Ligand code: ZN
């Protein structure tokens, strides 16, 4: 696999529905993938990206909501507090926005890009983005949160998306939006 040629995978790609494996030993290869993921995230105007979104089912995420770049390995939520709803988009599900209820505050455990264990607290938007990316590592997508009311609408949009997913121009459209893309 050539990691220099990583590209965002769109709904319908099996990597998005596969559970990602924990990384037992962090190497230069992981650091290289994380850097490439960050580059792709910024290029797509996203605020987060998980490894399955570029076709790699290993537990790695990158997040930057404007307050600095996080490159995390084996992220895990230890504690959740409160809840709030916000509309989310996803770079792998372009053009679809779903209201998602997430914890307001989380305590997170992970490793940095050198394998050093860390614990951190995150709130509001940052906590939301971490939760969205960790969902990706479990094979979970925003469409799974669609309410009964939204399901018909989403089903139609997803069907169109699956038809269009062979069209390479699709990923360019998603960058036009100023909404939350993760
Ligand atoms: Zn996403």
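Numbering (the working numbering), first residue to last: 19 to 200. The C-beta atom is built at its ideal place from N, Cα and C for all residues, glycine as well. No experiment lies behind these values; they were computed from the predicted model shown.
Non-local C-beta neighbours of residue 131 in its own chain, meaning closer than 6 angstroms and more than five positions away in sequence, comprise 49, 52 and 89, ordered along the chain.
Contact check for residue 77 and residue 41: beta-carbon distance about 6 angstroms, within the 8 angstroms limit, so the pair qualifies. Between the alpha carbons of residue 154 and residue 68 lies a gap of roughly 6 angstroms. Contact between residue 124 and residue 95 holds: CB atoms are separated by about 5 angstroms, below the 8 angstroms threshold. Secondary-structure assignment with DSSP links residue 81 through a beta bridge to 66 and 88.
Residue burial annotation: residue 140 is buried, with at least 16 other C-beta atoms found within 10 angstroms of its C-beta. Around the beta carbon of residue 64, 16 or more other beta carbons sit within 10 angstroms, so the residue counts as buried. Going by DSSP, residue 128 is part of the beta strand (DSSP E) stretching over 123–129.
In the structure shown, the three-state DSSP call for residue 155 is helix. Restricting attention to 172, 72 and 56, the CA atom closest to the CA of residue 81 is found in 56. For residue 182, the enclosing alpha helix (DSSP H) stretches over residues 166–182. Taking residue 100 as reference, the option from 164, 120 and 114 with the minimal CA-CA separation is 120.
When the five nearest sequence neighbours on each side are left out, the beta carbons in the same chain lying within less than 8 angstroms of the beta carbon of residue 145 are those of 120, 121, 122, 123 and 124, in order along the chain. For the set 149, 84 and 66, the Cα lying nearest the Cα of residue 102 is the one of 149. Distance from residue 107 to residue 39 at the Cβ level is roughly 27 angstroms; contact not present, criterion being Cβ atoms closer than 8 angstroms.
Boundaries of the beta strand (DSSP E) around residue 120: 116–120.
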